[in-house]
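Same order as they appear, the protein sequences are chains S and F. In terms of numbering that gives the first Met the number 0, the first sequence has 156 at position 157, counting the first letter as 1, and numbering is strictly consecutive. In terms of numbering that gives the first Met the number 0, the second sequence has 294 at position 295, counting the first letter as 1, and numbering is strictly consecutive.
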Amino acid sequence: MQRDTKIGLAILIIAIISAASVLMVLRFFVFPPNDGQNPSMETFRIYVIDGSDTVTITSTQIADMSYIEANSSFQNRYYNWRNPGTYRGVLISALIEQVGTMDSNDAVKVIASDGYPQFYSYDNIYPNTTFLELQGQLILAYEYNGSAPPSWSDGPRTVFLPDDEAYSVDDANKTTYPSWFDDTAGGRCVKNVETIELLHDAYPPPPQKIALSFPQYYLGSPINTFDSSLFICTYVYSPMVFHIFQDE
Amino acid sequence: MDYSASSYHFRTRDLVTIGVLSALGGSLSTFIGYLGQLLNTAIGTPFGAGQFLSGLHVFWLILAAGLLRKSGAASLTGLLKGFVEFFVGSTHGIVIIIISLIQGLIIDGGLTLVRQRDSLPIYCIFGGLAAASNVIVFQLLYFSGVPVVFVLLLVLLALSSGVIFAGYFGKATIDLLISANVVRSIHSQVDTNGTIASSKFYQLNPYKVSAVVFLSVLAFGAGLYGVFIWRPFVNPLQCEVRGDVSQPFFFTYSMFAESEVTIEAELVGSVTYIPAANYTGIPLSIILAYAQPSSGATKVVVFASDGYSATFYLSAAINDHEIILTIDDGFRLIAKNYPGSFWVEKVTSLVVE
């Protein structure tokens, strides 16, 4: 082999090694790996709303926030355990605080990209000791078992992180405001979260029961309710109508 | 007046060679840009990795210098190739002519300085330097504001690319073409009968095989790109919305002119920086709303006529009113809150997935 060819091949090999090294540096240091997604590349956006104020938080910004990582799983309405694994995410409270302050009579509405909503109480967002034991912290998870959106097709997702790593239907029942409980713990964990809205003084009336009252000749007589113990006297002057009575 | 061949630096055959190489290099530049984008995607970087292919732009200039072996051959090829790239719609605009010319000047200047110019190391060195120059020139012209370390990494990557694709494969291709009698070099060995010795062409060696494989891959890839990806003849003033939508449709700017908005945005890319300026266009969200994406759709991919694409999350695109489509000699996507790689020129289709 000629001397020039040898030198040329040596330069070629050096170039190949250099190119490979630079590509690796770009991949692993300049743009660190994040499950195939470059963190500088925006993969989702969360809109945090408080009245007329909206703060847009990108996946990149969320990745820069303090995170919590823990194992968790949750039960569906048939008591089957679903999605066990390690979740990494930021506290919902931290996201809320980007736009406003939550009081004890406020609620948080989380909406998925397909419109699916879930409501969370103050105690869900800022859990006291009892709630911490039952539900743990509520986070917006952006990684599941090291996989981030779009590889993790459910993310970003609201997830509860109880100490026992198991958010059961019973836990959900005990920590969910009655109007919002739908016999499932998994349903409380919203997939593909898009909007987080702070609702002030927005608690809905608790579950309602229907009582039937009869025409005016029964005036003043509480009769014929579906649950007479909850009956509140009403005066009806019209023909048969339905009245709604609260159970408290 | 003496019109004999000796009066001219370049003979007709030389000029034809320069023309052919410029046309090939210029027209394949969009293909190389597309490959760069694929490489970025494969590596997982938003930009930068595409510089690994920058040597392919210089390959043609090395061929011109090596085949013609006349001073100015690479520069003239670079200049002409720059014009071709400009006219086929380079996203860099007229700057590409300067870039390409400078690359040719570096090769010509370098080869003029050395005594033994027809050697692999020399081609590798000056091919590398020419390829690296594009990063430096772009920084000088635009100063995109990216960190110096990042620029140095790109310079090293482009330099390596020039060594590999322009230097090594360039020299291998020159030798292959000469030994195959496809072209004649002034240094071609001529036997006693006056014919160029070509018997060595059939003596395969890894050097030749690598050149054949390289050219085959380049030609095959360019063919696939030309047939399936490149859409140079679509109406630039019309854009298509298709994919996972209830109402696929073509639109022109005037259809949504009433929804026109003006935003202020600055482009920050790896090599390009455009200061904050006002852009007037139609919010992408308005167009997507008209198309009615299905509930299961998650992404919208914005395609350009050269195959370049940028992918946005559908929810982000629908809620972000600062992603707009402007119109000039074609649709251009301005994405205020995104890196420069998300700004797409010559948009031809929006595909919801």
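Backbone N, C-alpha and C define an ideal beta-carbon position, used for all residues, glycine too.
8 Å Cβ cutoff met for residue i and residue j
i	j	result
S120 of chain S	Y166 of chain S	no
G161 of chain F	G54 of chain F	yes
L110 of chain F	A64 of chain F	yes
P235 of chain F	K345 of chain F	yes
L60 of chain F	Q102 of chain F	yes
V351 of chain F	A290 of chain F	yes
T358 of chain F	R230 of chain F	As shown, chain F starts at 0 and ends at 352. That puts residue 358 of chain F outside it, with no answer to give.
I135 of chain F	L66 of chain F	no
F30 of chain F	G169 of chain F	no
Y86 of chain S	V189 of chain S	no
L8 of chain S	I163 of chain F	no
F255 of chain F	I273 of chain F	no
V109 of chain S	I195 of chain S	yes
V260 of chain F	F248 of chain F	no
V211 of chain F	L175 of chain F	yes
V299 of chain F	L332 of chain F	no
Residue-level contact to chain S via CB, residue i, 8 Å cutoff
i	result
T172 of chain F	no
G49 of chain F	no
S6 of chain F	no
A123 of chain F	Sequence inspection shows Cys at residue 123 of chain F; the Ala mentioned does not correspond to that position. Closer than 8 Å to some Cβ of chain S, the Cβ of C123 of chain F qualifies, so yes.
G339 of chain F	no
N318 of chain F	yes
A210 of chain F	no
A315 of chain F	yes
I163 of chain F	yes
S307 of chain F	Checking the sequence, you will find Tyr at residue 307 of chain F rather than Ser. False, the Cβ-Cβ gap to chain S never drops below 8 Å.
I42 of chain F	yes
L152 of chain F	yes
L119 of chain F	yes
L214 of chain F	no
L155 of chain F	yes
P292 of chain F	no
G127 of chain F	yes
P235 of chain F	no
Y312 of chain F	yes
S53 of chain F	no
F249 of chain F	no
Short CB-CB distance (under 8 Å) between residue i and chain F
i	result
E193 of chain S	yes
G135 of chain S	no
R44 of chain S	yes
S112 of chain S	yes
G7 of chain S	yes
F3 of chain S	The question names Phe, but residue 3 of chain S in the sequence shown is Asp. By this cut-off, D3 of chain S is an interface position.
I15 of chain S	yes
A18 of chain S	yes
I138 of chain S	no
Residue i, buried or exposed, once every other Cβ within 10 Å from all chains shown has been counted against 16
i	result
F30 of chain S	buried
F73 of chain S	buried
V145 of chain F	buried
T254 of chain S	Shown here, chain S extends from 0 to 247; a query on residue 254 of chain S therefore has no answer.
K5 of chain S	exposed
S212 of chain S	Here S212 of chain S scores only 44 on pLDDT, less than 50, and its place in the model is too uncertain to base an answer on.
N123 of chain S	buried
Y7 of chain F	exposed
F118 of chain S	buried
S178 of chain S	exposed
D170 of chain S	buried
F125 of chain F	buried
L223 of chain F	exposed
N79 of chain S	exposed
Nearest-angstrom Cβ-Cβ length linking residue i and residue j, presumed shorter than 8 Å
i	j	result
S308 of chain F	F46 of chain F	Between F46 of chain F and S308 of chain F the Cβ distance is about 14 Å, and since that is not below 8 Å, they are no contact.
I322 of chain F	A303 of chain F	That pair is no contact at about 15 Å.
E193 of chain S	S112 of chain S	4 Å
S284 of chain F	A264 of chain F	Incorrect: roughly 16 Å between the Cβ atoms, too far for contact.
V83 of chain F	A130 of chain F	Actually they are not in contact, since the Cβ atoms of V83 of chain F and A130 of chain F sit about 18 Å apart, beyond 8 Å.
G81 of chain F	S99 of chain F	3 Å
R76 of chain S	D182 of chain S	5 Å
I96 of chain F	S132 of chain F	So it is not a contact: roughly 14 Å between Cβ atoms.
P161 of chain S	L133 of chain S	6 Å
Residue i CB to nearest heavy atom of the ligand GTP below 7 Å
i	result
V350 of chain F	The ligand content of the structure shown is nil, which means the ligand GTP is not present either.
Segments assigned beta strand (DSSP E), at least 3 residues, entirely inside the region 213 to 292 of chain F
Whole beta strand (DSSP E) segments, 3+ residues: 237 to 242, 248 to 251, 260 to 267 and 272 to 282.
4 or more residues per run - each alpha helix (DSSP H) lying fully within the region 4 to 43 of chain F
Entirely contained in the region 4 to 43 of chain F, the alpha helix (DSSP H) runs reaching 4 residues are, in chain order, 11 to 42.
Where are the beta strand (DSSP E) runs, 3 residues long or more, that stay fully inside the region 99 to 140 of chain S, in chain order?
106 to 111 and 116 to 120
Please give the ranges of any alpha helix (DSSP H) in the region 305 to 330 of chain F, keeping only runs that are unbroken, at least 4 residues long and fully inside the region.
313 to 318
At what residue ranges does the region 36 to 100 of chain F contain a whole run of the alpha helix (DSSP H), taking only runs of 4 or more?
Those alpha helix (DSSP H) runs which fall completely within the region 36 to 100 of chain F and span 4+ residues are 54 to 67 and 72 to 86.
Scan the region 136 to 160 of chain F and note each continuous alpha helix (DSSP H) run of 4 residues or more that stays entirely inside, going in chain order.
147 to 160
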